[in-house]
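Worksheet for the structure shown next.
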Amino acid sequence: MSRRSFSDDALWGNVAENPAGLDPDSLLEGLTEPQRQAVIQRGGPLLVVAGAGSGKTRVLTRRIAHLLASGDARSHEIMAITFTNKAADEMRRRVVDLVGEDAKNMWVSTFHSACLRMLRAHAEVLGYQRGFTIYDAGDAESAVERIMKELNLDTKRVSPRSVAAAISAAKNEMLSAERYGDAGHAEDPHHRRIAEIYRLYEARLKLANAMDFDDLLLNAVAMLRADAAVLASYQQRFRYLLVDEFQDTNGVQNELVMMLAAQHRNLCVVGDSDQSIYRFRAADVRNILQFEQRFPDADVILLEQNFRSTQTILDAANAVIAKNASRHAKNLFTDHGAGERIRLYRAGDEYDEGRWIATELRRARTEAGVEWNQMAVFYRTNAQSRVLEEEMLRAGIPYRVISGMRFYDRKEIKTALAYARLVVNPRDEASARRVINEPKRGIGEAAQAKLGIYAAENSLSFAEAAHYGAAAGLSAKALSGAERFAFTMDELRALANDLTPREMIDAIVRETGMGDALRAENSDEAISRLENLGELASAAAQYDTLMDFVERMALVADSDQLDGGAGAISLMTMHVAKGLEFPLVVITGLEETIFPHRRALSDEAELEEERRLCYVGLTRAMRHLILTHAWSRTMWGQRTDALPSRFLQEIPPELVHDLSSSLPMRRATFSSDEDGFVGRGSDFTSGKAFGTGTAPPVRSTGAENLGLRVGERVVHDRYGRGVVTRVDGSGSHARASVNFDDHGTKQLVLAMTPLRRASGS
Numbered sequence: 010m011s012r013r014s015f016s017d018d019a020l021w022g023n024v025a026e027n028p029a030g031l032d033p034d035s036l037l038e039g040l041t042e043p044q045r046q047a048v049i050q051r052g053g054p055l056l057v058v059a060g061a062g063s064g065k066t067r068v069l070t071r072r073i074a075h076l077l078a079s080g081d082a083r084s085h086e087i088m089a090i091t092f093t094n095k096a097a098d099e100m101r102r103r104v105v106d107l108v109g110e111d112a113k114n115m116w117v118s119t120f121h122s123a124c125l126r127m128l129r130a131h132a133e134v135l136g137y138q139r140g141f142t143i144y145d146a147g148d149a150e151s152a153v154e155r156i157m158k159e160l161n162l163d164t165k166r167v168s169p170r171s172v173a174a175a176i177s178a179a180k181n182e183m184l185s186a187e188r189y190g191d192a193g194h195a196e197d198p199h200h201r202r203i204a205e206i207y208r209l210y211e212a213r214l215k216l217a218n219a220m221d222f223d224d225l226l227l228n229a230v231a232m233l234r235a236d237a238a239v240l241a242s243y244q245q246r247f248r249y250l251l252v253d254e255f256q257d258t259n260g261v262q263n264e265l266v267m268m269l270a271a272q273h274r275n276l277c278v279v280g281d282s283d284q285s286i287y288r289f290r291a292a293d294v295r296n297i298l299q300f301e302q303r304f305p306d307a308d309v310i311l312l313e314q315n316f317r318s319t320q321t322i323l324d325a326a327n328a329v330i331a332k333n334a335s336r337h338a339k340n341l342f343t344d345h346g347a348g349e350r351i352r353l354y355r356a357g358d359e360y361d362e363g364r365w366i367a368t369e370l371r372r373a374r375t376e377a378g379v380e381w382n383q384m385a386v387f388y389r390t391n392a393q394s395r396v397l398e399e400e401m402l403r404a405g406i407p408y409r410v411i412s413g414m415r416f417y418d419r420k421e422i423k424t425a426l427a428y429a430r431l432v433v434n435p436r437d438e439a440s441a442r443r444v445i446n447e448p449k450r451g452i453g454e455a456a457q458a459k460l461g462i463y464a465a466e467n468s469l470s471f472a473e474a475a476h477y478g479a480a481a482g483l484s485a486k487a488l489s490g491a492e493r494f495a496f497t498m499d500e501l502r503a504l505a506n507d508l509t510p511r512e513m514i515d516a517i518v519r520e521t522g523m524g525d526a527l528r529a530e531n532s533d534e535a536i537s538r539l540e541n542l543g544e545l546a547s548a549a550a551q552y553d554t555l556m557d558f559v560e561r562m563a564l565v566a567d568s569d570q571l572d573g574g575a576g577a578i579s580l581m582t583m584h585v586a587k588g589l590e591f592p593l594v595v596i597t598g599l600e601e602t603i604f605p606h607r608r609a610l611s612d613e614a615e616l617e618e619e620r621r622l623c624y625v626g627l628t629r630a631m632r633h634l635i636l637t638h639a640w641s642r643t644m645w646g647q648r649t650d651a652l653p654s655r656f657l658q659e660i661p662p663e664l665v666h667d668l669s670s671s672l673p674m675r676r677a678t679f680s681s682d683e684d685g686f687v688g689r690g691s692d693f694t695s696g697k698a699f700g701t702g703t704a705p706p707v708r709s710t711g712a713e714n715l716g717l718r719v720g721e722r723v724v725h726d727r728y729g730r731g732v733v734t735r736v737d738g739s740g741s742h743a744r745a746s747v748n749f750d751d752h753g754t755k756q757l758v759l760a761m762t763p764l765r766r767a768s769g770s
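When you line the sequence shown up against the working numbering, it's residues 10 to 770, in that order.
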């Protein structure tokens, strides 16, 4: 690692006039010494390791402005690359504000926009016309589907979306169709077939003078490799290249950057290996970790001062991320003071967790003065939002789901609920029309119109008309689909007589083909949708009849939607939270298999990514940080015990105010003046809440002291009577399996379970 002395880094090389007559030194005012060094560095590669909240955008914009104001570069000689159009526009605006209108001549754009600009100018190098079309994801999927049908492939067994995703992943790894077929897949029939589709897909794109979104990057690199003169022109032009969020680059993006910077080598990359959380999008953290190997003479500057969070929050984040091996070592610090200890709540289950969070957030607003729009609740998977949303609704707290749909607005949830409504009410035309061709059965709009006419003429419901497809005049393909739909609905209605609501949701997912279609797609989005359907099954488990469940879901999904405006709490996944900050943050579901996700438990690289995701979540909080986990959680309708996340164990205990002690307990009931939200400057160590009192001990149900034995009859406040089938542990760690007469077997942590012996036992 080369760490140069910056005392001799004078503003040399006066190649351009100062466009606004600005004093370069004025651009250094208010910067810390590391920030200042990052702004004035000249002469070779620079890696700025920018910790969370360390002011990296300020450094980038000041560096660009300083290049212009010092005369070291003209605006057209600078290329700055970011990952979003919003970030690019903001960077350009800030530089224009600093040095004037001349800065508008810079190339400040996303990777894709920069590549598109180069390809439009030189498309003929690759045999394209300059007016080539850009295929979006839907266009690409449709093209793949057409090819699969021409090859007589079953698009239900292997979905076109999954094939398109595989092709996209290959392109991000810079694998051509030929290389993909040879890359260790020669003996794999599935990959050989994808390689064949990939080759045909590329040929179709070329024939149509079209590129897909991934091609913009891949073809830009191919163009620069193919024409040395074009490459040289861009290398000569861009004397200074700056790349933001370098930890999020993939292989193609990294190669593009290296090619463009090869001549002048004035490459500045800014990023943080600890915030690389997009591996599922092909981001490769090795790009930033190996930067110094690629450039042994690179200057490395650490930005470790955080301007966002309290030291307690930073100490927790530092402790968690320190467990990762693949990272640039650094230690975030702040001048904001220690602040409050982190609040930890150990919930009985996800409903207890949601209720406690809602109560705590309302208390934070009334007693600490934190506004709704200054609060955020993070979760690892979208499925977790369902209970949180319901508890916010019950508590009358305005909320909005950021960068995602509300749970009950998601397509797969609406589809499954429509099937459930149709089971309960066979004459529900709206539900029948929603699901008759979902998953795809070849019953298009024309066929549905014929069924609608036949139903009206024969006084039938729309769903009943599916039994008479031939009489309605359906084509052979639509007729086959209508018959499958009618048979499926008859089968589901027969099952409804014997299955619980949870089992019915499982049956709907299974019998309609929804589950098979998502599993065949095998994408991250499909896995998330399956998890959402599992969460819907968990919701159904709380009801006695399918009709009760359907009615309640209609109320939650429609009439109870609250204002989603700015005066609302933000609910989002941890991935969405990157780049944001809030005075108050709650991170929920800190349990093994939830966070870290179960997929990471057997893969060290995945586990490190999960730990980075935790680090990102923790460092979004400015003043107040709350962590929660549940001792049991319902997944796919089955309640299971849950272990606290290893990330909780990695936070030093002196930083945490454990509201539930270390024992698995039910939620304590506190009076409003006992357990307030700890406000600014209060002391978690003493347990004081706004100076009004101390948090009392958590109360147990006492069921762990009953001395239960296998075979004993017991009564649960909610599940009624049952028989004990297993007992494990003792004291606060005692657990029991109970087979309830009306609710089946439940796994219970006794200390938090309202359980007692049945009379006469």
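Each residue gets a CB set at the ideal place from its N, CA and C atoms; glycine is no exception.
Task: Length at least 4, wholly inside the region 380–467: the alpha helix (DSSP H) runs in chain order - done: 394–404, 420–433, 438–444, 454–466
Task: Segment limits, beta strand (DSSP E) that includes Asn748 - done: 744–749
- [ ] With a 10 Å radius around its C-beta and 16 neighbouring C-beta atoms as the bar for buried, classify Ile603 as buried or exposed.
- [x] buried
- [ ] State the Cα-Cα distance for the pair Gln756 and Gly451, rounded to the nearest angstrom.
- [x] The alpha-carbon atoms of Gln756 and Gly451 are separated by roughly 44 Å.
- [ ] Classify Asp567 as buried or exposed, calling it buried when 16 or more other Cβ atoms lie within 10 Å of its own Cβ.
- [x] Its pLDDT being 40, under 50, Asp567 is placed unreliably in this model, and the coordinates cannot settle the point.
Open item on the list: Going residue by residue through the region 36–77, where are the continuous alpha helix (DSSP H) segments of at least 4 residues, counting only ones entirely within it?
Closed with: 42–49
Open item on the list: So, with DSSP's three-state summary, where would you put Ser568?
Closed with: With a pLDDT of only 34 at Ser568, under 50, the local geometry of the prediction cannot be trusted, and the value read off the model is given with reservation. In the structure shown, Ser568 sits in a helix (DSSP, three-state: H, G or I).
Task: C-alpha distance - His131 paired with Leu76, whole-angstrom precision - done: Going by the C-alpha atoms only, they are around 29 Å apart.
Open item on the list: Here's the rule I'm using: 16 or more other beta-carbon atoms within 10 Å means buried, otherwise exposed. How should His199 be labelled?
Closed with: exposed
- [ ] Report the three-state DSSP secondary structure of Glu530 (helix, strand or coil).
- [x] When secondary structure is reduced to three states using DSSP, Glu530 falls in the helix class.
Open item on the list: Less than 8 Å between the beta carbons of Val595 and Val432, yes or no?
Closed with: no
TODO: Run through the region 106–186 for me and flag every whole alpha helix (DSSP H) of 4 or more residues, listed as ranges in chain order.
DONE: 120–131, 146–159, 169–181
Open item on the list: Judging by CA-CA distance, which residue of Ile422, Ala487, Tyr144, Gln320 is the nearest neighbour of Glu454?
Closed with: Ala487
Open item on the list: Quick check: the region 226–235 against the region 202–218, are at least 3 beta-carbon pairs closer than 8 Å?
Closed with: no
Open item on the list: Relative to the C-alpha of His606, which candidate in Met267, Ala392, Asp81 has its C-alpha closest?
Closed with: Distance check between His606 and each of Met267, Ala392, Asp81 places Ala392 closest, using alpha-carbon atoms only.
- [ ] Since I believe Val309 is in contact with Glu301 (beta carbons under 8 Å), could you give me their beta-carbon distance rounded to a whole number of angstroms?
- [x] At roughly 7 Å, the Cβ-Cβ gap stays under 8 Å, so Glu301 and Val309 are in contact.
Open item on the list: Our contact map puts Ala767 next to Arg722 with C-beta atoms below 8 Å; I'd like the distance itself, whole angstroms only.
Closed with: 4 Å
Open item on the list: Give me the DSSP bridge partner(s) of Glu600.
Closed with: Pro653
Task: Cβ neighbours of Arg71 in the same chain (closer than 8 Å, five flanking residues each side left out) - done: Leu36, Leu37, Leu40, Gln44, Val48, Leu107
Task: Which listed residue (Ser669, His725, Glu618) has its alpha carbon closest to that of Arg288 - done: Closest in alpha carbon position to Arg288, among Ser669, His725, Glu618, is Glu618.
Task: beta strand (DSSP E) runs contained entirely in the region 306–369, provided each spans 3 or more residues - done: Restricting attention to beta strand (DSSP E) runs no shorter than 3 residues, the region 306–369 encloses them at 308–312, 351–356, ordered along the chain.
Open item on the list: I'd like to confirm the pairing. Which residues does DSSP put opposite Arg722 in its beta bridges?
Closed with: Val732
Open item on the list: For a test of the three-state rule: what should DSSP assign to Ala639, helix, strand or coil?
Closed with: strand
Task: Close beta carbons around Met644, own chain, < 7 Å, minus the five adjacent residues each side - done: If we look at Met644 and ignore the five residues flanking it on each side, its Cβ neighbours are Gly543, Ser547.
TODO: Pull up the DSSP beta-bridge partners for Arg648, would you.
DONE: Thr643
Open item on the list: Using only the alpha-carbon positions, how far apart do Met674 and Ala367 sit?
Closed with: For Met674, the pLDDT reaches just 37, beneath the cut-off of 50, and the residue's location in the model is therefore unreliable, leaving the point undetermined.
TODO: State the Cα-Cα distance for the pair Arg430 and Met581, rounded to the nearest angstrom.
DONE: 29 Å
Task: When Ala480, Leu265, Glu159, His121 are compared against Leu240, the one with the closest alpha-carbon - done: Leu265
Open item on the list: Quick check: is the beta carbon of Val559 nearer than 8 Å to any beta carbon in chain D?
Closed with: Going by chain labels, chain D is absent from the structure shown, which holds only one protein chain.
Task: Inter-residue Cα distance where the pair is Asn181 and Gln262 - done: 9 Å
Task: Contact under 8 Å by Cβ, Leu135 with Met267 - done: no
Task: Classification of Asn467 by the beta-carbon crowding that lies within 10 angstroms, buried from 16 upward - done: Under a 10 Å Cβ-count criterion, Asn467 is classified as exposed, with fewer than 16 other Cβ atoms of the shown protein chains found around its own Cβ.
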